[in-house]
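Residue numbers (my numbering): -5 to 330. Reviewing the structure listed below.
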Amino acid sequence: MRHIIFGGDGFVGRHLAPKLVADGHEVVVADVTRSELPHYATVRFAHCDVTDKASVRALGIEAGDMVYNLSAKMLSPIQVRAKRHDFFWPVNFHGTENIIQAMDEAGAKNLVHFTTDMIYGHTVQYPMTEDHPVAPLGEYGLSKLKTEELAAEWRKRGMNITLFRPRLIIGPGRLGILSKLFRLIDWNLPVPMIGSGKNPYQFISVFDCAEAARLAFKAGVPNEAYNLGSLNPPSVRKLLGDLIAHAGSRSILIPTPGWAVKRTLDLLDLMNMPIMDPEQYLIADEDCLLDVSKGRRDLGWVPQYRDEDMLIAAYSEYRARIGGAPAPAVAHAPAE
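Listed below in structure tokens is the structure:
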């Protein structure tokens, strides 16, 4: 059957597309950009802007198509407060709305859609299951939450929509805010932590995200939401300490009063000089841990990559990009 991946030239899509091709499916990547990726030899690319209804309709969705929505504006690059709504909403919410409406007109019923764990806001229950209260702390999380509410409406009309809520996705091709951390380590400078660093920090591998999307299709596109995160994440202190040791850096970790750092970052944000987005720093010292057992039960999905390995791999990529000697390769260790 045909699989259409909106935002398929992006971070997760470039790993999902070849998986689907390997399974014997026809794949169409719909995106505003086309990178030089080897799988375009067997995958059709179609230029599509999800913010433009006519562009989405012109793609020619058919009733039997399996659709994935990976298109999104992310928290990087950091936006000043006044620009956040106009930055996130056209793609994240209205783009999703355009895709679902085009599917409805074509009679297509199956959609896998990625949102974010940022819909939860502050930690209320630990670990966070999929029924954790939702209270986004900014425009990014809110724009994604509204797409989940949109999905709930269309499920009532007969669509099958699987929702995924990933933690910070990490893997080849995306560094984002990690670049700032890596520069401090390279320059042997102190690395401040928000709080004591005793709380866990959980990533999710881009490879595990692509596999979750594939398994959702294989499972019949359940009308459910699933958390995506690693297993047994280490504390922030251990995660960063291991990276510093691996890099051979003389950086030291500096614990800070979390409340004071947050108020300082709030002030910088109000002055239109944000260093981090509030959705990132307001929960940085909290015990944010996604429970991912539902994905195992329903889809047979089990994350395969450890946070420690993912961060070191990201640092190695960073070193290669700036032309320095890459950090020594780390052997892949299973997540369990």
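For each residue, glycine too, the CB sits at the ideal point set by N, CA and C.
The criterion of a C-beta distance shorter than 7 Å is not satisfied by HIS126 and LEU157. The C-alpha of ILE164 is placed about 23 Å away from the C-alpha of SER245. A distance below 8 Å between beta-carbons, with the five flanking residues on each side excluded, links TYR134 to the following residues of its chain, in chain order: LYS67, MET68, LEU69, ARG78, PHE82, ASN86, THR110, MET112, ASP271, GLU273. By the C-beta density criterion, ASN193 is buried, having at least 16 other C-beta atoms within 10 angstroms. The shortest CA-to-CA distance from GLY235 to any of ILE179, VAL61, GLY214, THR36 is the one to ILE179. The bridge partners DSSP lists for ARG168 are GLY165. Between THR90 and THR141, the CB-CB gap stays under 7 Å.
Taken through DSSP and simplified to helix, strand or coil, THR123 comes out as coil. In this structure, PHE0 sits away from ARG168, with a CB-CB distance that is not shorter than 7 Å. If you draw a straight line from the Cα of ASP3 to the Cα of THR27, it is about 7 Å long. Short of 6 Å from the beta carbon of MET304, and not among the five residues preceding or following it, lie these beta carbons of its own chain, in chain order: ILE164, PHE197, SER199.
GLY58 has its alpha-carbon roughly 42 Å from the corresponding atom of ARG315. Shown here for ILE94: same chain residues with a beta carbon closer than 6 Å to its own, the five before and five after excluded, namely TRP148 in chain order. In this structure the segment 3 to 22 touches the segment 200 to 209; the number of beta carbon pairs closer than 8 Å is three or more. Contact between ALA24 and LEU53 holds, with the beta-carbon distance rounding to 6 Å and staying under 8 Å. Counting C-beta atoms within 10 angstroms of its own C-beta, VAL74 has fewer than 16 neighbours from the protein chains shown and is therefore classed as exposed. Between the C-alpha atoms of GLY317 and SER243 there is a straight-line separation of about 17 Å. Here ILE248 is near PRO184, since their CB atoms are less than 7 Å apart.
Look at ASN221 here: in three-state DSSP terms it is strand. Bridge pairing for TYR62: ILE(-1), VAL106 [DSSP].
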